[in-house]
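Chemist: Taking the numbering used here, the leading residue of the sequence shown gets 5, the next gets one more, and so forth.
Where is the CB? At the ideal position from N, CA and C, for every residue including glycine.
Remember, it's a predicted structure, so these values are computed and weren't measured experimentally.
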Amino acid sequence: MPTAADADAEPRFDDVTGEALNVAALELQRRATQNDYVAAHAPSEDSPLRRVPAVDVAPGRHKYVLTQLAIGDEAALVVRAYAGCAYHANNFELLTRELARLGVDATGRVVGGGRCERDDAAKTIKVYGYSKTFGRTPGCNERACAMIQEAFTGYQATWSDDGY
Numbered sequence: 005m006p007t008a009a010d011a012d013a014e015p016r017f018d019d020v021t022g023e024a025l026n027v028a029a030l031e032l033q034r035r036a037t038q039n040d041y042v043a044a045h046a047p048s049e050d051s052p053l054r055r056v057p058a059v060d061v062a063p064g065r066h067k068y069v070l071t072q073l074a075i076g077d078e079a080a081l082v083v084r085a086y087a088g089c090a091y092h093a094n095n096f097e098l099l100t101r102e103l104a105r106l107g108v109d110a111t112g113r114v115v116g117g118g119r120c121e122r123d124d125a126a127k128t129i130k131v132y133g134y135s136k137t138f139g140r141t142p143g144c145n146e147r148a149c150a151m152i153q154e155a156f157t158g159y160q161a162t163w164s165d166d167g168y
């Protein structure tokens, strides 16, 4: 059971179940899911949400999260698959740092996640699987794939709910 003594430690998750193993991981998971999904309209032309790229997928195979960002009654979905993230929640953590750098004060909620494989030589991106930490989310991979296909013109993006 996580204790307060490890609150400042690096977040650790169980590799098999995705369960948070320390307080830092519990806090990160809580922050990623604490906000309700917002039934909102798209960001206006002058919204700070417009400064946030919809998709950031690093080359290679990485875990990804689909996250809804909201400011007031405006919301946008973003896909993040940063290199070097051992867990899906780490992508959310890096996204919050990105928002701070961009000066965007938005709430975020992880909608779901899985894996992305970006092969620049073949010009392909595969979206598949699920997040053990955030669970299976119907439609998540399909939606993320559509967003990736729009952002990566000239690439062939495909999706599946199979695999982990």
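(1) Within the same chain, show all residues whose beta-carbon is closer than 6 Å to that of Val20, passing over the 5 residues directly before and after it, in chain order.
(2) Quick check on the DSSP output: the beta strand (DSSP E) that includes His66 runs from which residue to which?
(3) Please report whether the beta-carbon of Arg105 lies at a distance below 8 Å from any beta-carbon of chain D.
(4) Rounded to whole angstroms, what is the Cα-Cα separation between His92 and Val131?
(5) In three-state DSSP terms, what is Ala8?
(6) Sorted by chain position, which residues of the same chain lie with C-beta nearer than 6 Å to Arg16's C-beta, five sequence neighbours on each side aside?
(7) Leaving out the 5 sequence neighbours to the left and right, which residues in its chain are closer than 8 Å to His45 when beta-carbon positions are compared?
(8) Kindly give me the distance between the Cβ atoms of Val69 and Val114, rounded to whole angstroms, as I take these residues to be in contact under 8 Å.
(9) Rounded to whole angstroms, what's the CA-CA distance from Arg84 to Ser48? Just pull it up for me.
(10) State yes or no: is the C-beta of Thr196 within less than 8 Å of the C-beta of Gly112?
(11) Counting C-beta neighbours from all protein chains within 10 Å, is the total for Ala161 16 or more, i.e. buried, or is it exposed?
(12) Taking 8 Å as the threshold (C-beta atoms), are Thr128 and Tyr168 in contact?
Modeler: Concretely, from the data shown:
(1) Locating residue 20 in the sequence shown gives position 16, where the first residue counts as 1. Closer than 6 Å at the Cβ level, and outside the excluded window around Val20, lies no residue.
(2) By one-based count along the sequence shown, residue 66 stands at place 62. First-last of the beta strand (DSSP E) with His66: Gly64 to Ile75.
(3) Absent from the structure: chain D. Only one protein chain is present.
(4) By 1-based counting over the sequence shown, the position of residue 92 is 88. By 1-based counting over the sequence shown, the position of residue 131 is 127. Whole-angstrom Cα-Cα distance: 14 Å.
(5) As a working note, residue 8 is residue 4 in the sequence shown. Since pLDDT at Ala8 reaches only 49, below the 50 mark, its modelled position is unreliable, and the value read off the structure follows with that caveat. Three-state result, Ala8: helix.
(6) Your numbering for residue 16 matches position 12 in the sequence shown. Answer for Arg16: Leu25, Asn26 and Ala29, listed in chain order.
(7) For the purposes of this step, residue 45 is taken as the residue at position 41 of the sequence shown. Contacts found: Asp77, Glu78 and Ala79.
(8) One-based indexing of the sequence shown puts residue 69 at position 65. One-based indexing of the sequence shown puts residue 114 at position 110. About 5 Å; that satisfies the 8 Å criterion.
(9) Here residue 84 corresponds to residue number 80 of the sequence shown, with the count starting at 1. Here residue 48 corresponds to residue number 44 of the sequence shown, with the count starting at 1. Rounded to whole angstroms, Arg84 to Ser48 spans 22 Å at the Cα level.
(10) Here the chain covers residues 5 to 168 and nothing more, so residue 196 does not appear.
(11) The count along the sequence shown starts at 1 and reaches residue 161 at position 157. It is buried - the Cβ of Ala161 has at least 16 other Cβ atoms within 10 Å.
(12) By 1-based counting over the sequence shown, the position of residue 168 is 164. By 1-based counting over the sequence shown, the position of residue 128 is 124. Not closer than 8 Å, so no.
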